[in-house]
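Participant: If you want our numbering, it's the position in the sequence shown, counting the first as 1, plus 12. Ideal Cβ placement from N, Cα and C applies to all residues, glycine included.
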Amino acid sequence: MPETALDPLKIRAHVADFDVFLEAYRVASENTRQTQRSMLDVSYGMTKDECMDLFFPQCPGPHPLHMFVHGGYWRAFSRKDYSFVADSILDAGAVAAIVDYAHLPVARMGTLVEQVRKAAHWLVTHAESLGGKPDCVSASGHSAGAHLASYLVARGPLDAVTRLVPVQSLLLVSGIYDLRCVAESFLQPELQLTCDEISNWSPLNADFPTDNPPLLVVGERETAPFHTQARQMNPTRYVSISDENHMSIVMALGTPGTRMAGLLRDCVRGCRANS
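1) Looking at C-alpha atoms only, which residue of Tyr-250, Thr-59, Thr-47 is the closest neighbour of Thr-123?
2) Report the three-state DSSP secondary structure of Val-111 (helix, strand or coil).
3) Give, in chain order, every unbroken run of the beta strand (DSSP E) that is at least 3 residues long and sits entirely within the segment 242–285.
4) Note the first and the last residue of the continuous beta strand (DSSP E) segment covering Arg-49.
5) Please list the terminal residues of the continuous alpha helix (DSSP H) segment that includes His-26.
6) Can you give the Cα-Cα distance for Pro-72 and Arg-24, rounded to whole angstroms?
7) Kindly indicate the opening and closing residues of the alpha helix (DSSP H) around Gly-187.
8) Compute the distance between the beta-carbons of Gly-153 and Leu-184, then report whether it is under 8 angstroms.
9) With a CB to CB cut of under 8 angstroms and the five nearest residues on each side skipped, what residues in its chain are close to Arg-167?
10) From Val-32 to Glu-256, what distance separates their C-alpha atoms?
11) So if DSSP puts Phe-220 in a beta bridge, which residue, or which two residues, is it bridged to?
12) Going by DSSP, what residue range makes up the beta strand (DSSP E) through Cys-71?
13) Taking 8 angstroms as the threshold (C-beta atoms), are Ser-41 and Asp-93 in contact?
14) With three or more C-beta pairs closer than 8 angstroms as the rule, is the segment 158–167 touching the segment 186–195?
15) CB-CB under 8 angstroms to Cys-63, same chain, minus the five flanking residues each way: which ones, in chain order?
16) With H, G and I counted as helix, E and B as strand and the rest as coil, what does DSSP make of Asp-61?
17) Looking at C-alpha atoms only, which residue of Arg-277, Lys-22, Phe-89 is the closest neighbour of Leu-34?
18) Along the chain, where does the beta strand (DSSP E) containing Gly-144 start, and where does it finish?
19) Report back the beta-carbon spacing between Thr-235 and His-26 to the nearest angstrom; my notes put them in contact at under 8 angstroms.
20) Roughly how many whole angstroms lie between the Cα atoms of Pro-14 and Asp-223?
21) Return the CA-CA distance between Met-272 and Val-165, expressed in angstroms with no decimal places.
22) Helix, strand or coil for Gly-84, going by three-state DSSP, please let me know.
23) For His-75, which of helix, strand or coil comes out of DSSP?
24) Looking only at its own chain, which residues have a Cβ that is under 8 angstroms from the Cβ of Ile-253, when we skip the five neighbours before and after it?
25) State the Cα-Cα distance for the pair Phe-96 and Phe-68, rounded to the nearest angstrom.
26) Find out if the Cβ-Cβ distance for the pair Tyr-85, Val-125 is shorter than 8 angstroms.
27) In three-state DSSP terms, what is Val-32?
28) Under three-state DSSP, which class holds Arg-129?
29) Can you give me the C-alpha to C-alpha distance between Ala-347 and Ser-141, rounded to a whole angstrom?
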């Protein structure tokens, strides 16, 4: 059988221009860091991985706050590769926080979830000093970042968290929500997911708010697990974006004027409506 039939999570096998997209991310991110008002390498915790880059609108605040969590199957890439997403966040009128977290297998999944929540708590605590509104916080994530960002509003079955971050609006792009398929993929020898992690940190098993469910978005050209799992999530809203694949959809997210950037703008506005 061809590799594409064997492993639907191996994105490089499904996107012919995989490396072209990575280079486009790098170039666009460098441009964002050079041209936008920013505060780089801001620590939200004690470890070297607990860092974020902040980007600010040109006009005076206070502004909504929006946090983006990058992908990389929990073991690759950093916030620096995704600075370009800030362009659409700024265009929507929000302060942009592009966050990092530790990688598997050195850290474990529960730690990654805790770090993303910690980053959001840090933003809320420091909102006013950043020109932001602590009661107007939204978030988004791509791929593994969508998985992690889902726990900003959701609780796992054995989740010990006592206080969730007040995130009013959530956009989840091309996420993995059932870790069983990851354990059956080419990723498992590296990630070493345990049975407990699969059960406790699969968003399909989590409790989500019913009053303002997240919006789940998947590119039309993505492989079956991304569509199937997004449809299985409940309560959520699901949208398929025509002509987009796993790599192009996040590029579109960071490009003002695209449909994806419009959904991000709606996410920021949803925060305003609910604040």
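Facilitator: This is what the structure holds:
1) Here residue 123 refers to the residue found at position 111 of the sequence shown. That would be Thr-59, whose Cα lies nearest to the Cα of Thr-123.
2) What you label residue 111 is simply residue 99 of the sequence shown in a count that begins at 1. Assignment of Val-111 by DSSP, reduced to helix, strand and coil, places it in the strand class.
3) Fully enclosed beta strand (DSSP E) runs of 3 or longer: 249–253.
4) Against the sequence shown, residue 49 aligns to sequence position 37. Element bounds for Arg-49: 49–55.
5) The residue labelled residue 26 in the question sits at position 14 within the sequence shown. Run containing His-26: 23–26, per the alpha helix (DSSP H) assignment.
6) For the purposes of this step, residue 72 is identified with residue 60 of the sequence shown, where counting begins at 1. For the purposes of this step, residue 24 is identified with residue 12 of the sequence shown, where counting begins at 1. Looking at the two C-alpha atoms, the distance is approximately 42 angstroms.
7) Indexing the sequence shown from 1 puts residue 187 at position 175. No alpha helix (DSSP H) holds Gly-187; DSSP gives it neither H nor E.
8) Working through the sequence shown from its first residue, we reach residue 153 at position 141. Working through the sequence shown from its first residue, we reach residue 184 at position 172. Taking 8 angstroms as the Cβ cut-off, Gly-153 and Leu-184 qualify as a contacting pair.
9) By 1-based counting over the sequence shown, the position of residue 167 is 155. Taking Arg-167 as the centre and dropping the five residues before and after it, the same chain places the C-beta of Val-173, Leu-176, Ala-218, Asp-219 closer than 8 angstroms to its C-beta, in chain order.
10) Taking the first residue of the sequence shown as 1, we reach residue 32 at position 20. Taking the first residue of the sequence shown as 1, we reach residue 256 at position 244. Rounded to the nearest whole angstrom, the C-alpha separation of Val-32 and Glu-256 is 15 angstroms.
11) Taking the sequence shown and counting its residues from 1, the one referred to as residue 220 is at position 208. Partner residues in a beta bridge of Phe-220, as assigned by DSSP, do not exist.
12) In the sequence shown, the residue the question calls residue 71 occupies position 59. Here Cys-71 belongs to no beta strand (DSSP E), and DSSP marks it neither H nor E.
13) Here residue 93 refers to the residue found at position 81 of the sequence shown. Here residue 41 refers to the residue found at position 29 of the sequence shown. Yes, the pair counts as a contact, with Cβ atoms nearer than the cut-off.
14) Counting Cβ pairs under 8 angstroms, three or more are found: they touch.
15) One-based indexing of the sequence shown puts residue 63 at position 51. Excluding five sequence positions before and after Cys-63, the CB atoms of its chain that fall closer than 8 angstroms to its own CB belong to Asp-53, Val-54, Ser-55, Tyr-56, Arg-91, Val-111, Asp-112, given in chain order.
16) Numbered from 1 along the sequence shown, position 49 holds the residue referred to as residue 61. Coil at Asp-61, not helix or strand.
17) Within the sequence shown, residue 34 is the residue found at index 22, counting from 1. The residue with the shortest Cα to Cα distance from Leu-34 is Phe-89.
18) Translated into positions along the sequence shown, residue 144 becomes position 132. Its beta strand (DSSP E) spans residues 144–154.
19) Start at 1 with the first residue of the sequence shown, and residue 235 comes out as number 223. Start at 1 with the first residue of the sequence shown, and residue 26 comes out as number 14. Confirmed, about 6 angstroms.
20) Here residue 14 is taken as the residue at index 2 of the sequence shown, counted from 1. Here residue 223 is taken as the residue at index 211 of the sequence shown, counted from 1. In this prediction, Pro-14 has a pLDDT of 41, which is less than 50 and means its spatial position is unreliable; what the coordinates show is noted afterwards. Going from the Cα of Pro-14 to the Cα of Asp-223 covers about 44 angstroms.
21) Stepping through the sequence shown from its first residue, residue 272 is reached at position 260. Stepping through the sequence shown from its first residue, residue 165 is reached at position 153. Answer to the nearest angstrom: the Cα atoms are 21 angstroms apart.
22) For the purposes of this step, residue 84 is taken as the residue at position 72 of the sequence shown. In the three-state scheme derived from DSSP, where H, G and I count as helix and E and B as strand, Gly-84 is classed as coil.
23) Counting from one through the sequence shown, the residue named residue 75 turns up at place 63. Assignment of His-75 by DSSP, reduced to helix, strand and coil, places it in the strand class.
24) Counting from 1 along the sequence shown, the entry for residue 253 is found at position 241. Contacts found: Val-229, Val-230, Gly-231, Glu-232, Ile-261, Ala-264, Arg-271, Met-272.
25) As a working note, residue 96 is residue 84 in the sequence shown. As a working note, residue 68 is residue 56 in the sequence shown. One C-alpha to the other measures close to 13 angstroms.
26) Position 73 of the sequence shown, counted from the first residue, corresponds to residue 85. Position 113 of the sequence shown, counted from the first residue, corresponds to residue 125. Their beta carbons are not under 8 angstroms apart, which means Tyr-85 does not touch Val-125 by this criterion.
27) As a position in the sequence shown, residue 32 is number 20, starting the count at 1. Three-state DSSP puts Val-32 in a helix.
28) Indexing the sequence shown from 1 puts residue 129 at position 117. Residue state, collapsed to three classes: helix.
29) Lying before the first or after the last residue shown, residue 347 is absent from the chain, which here runs from 13 to 287.
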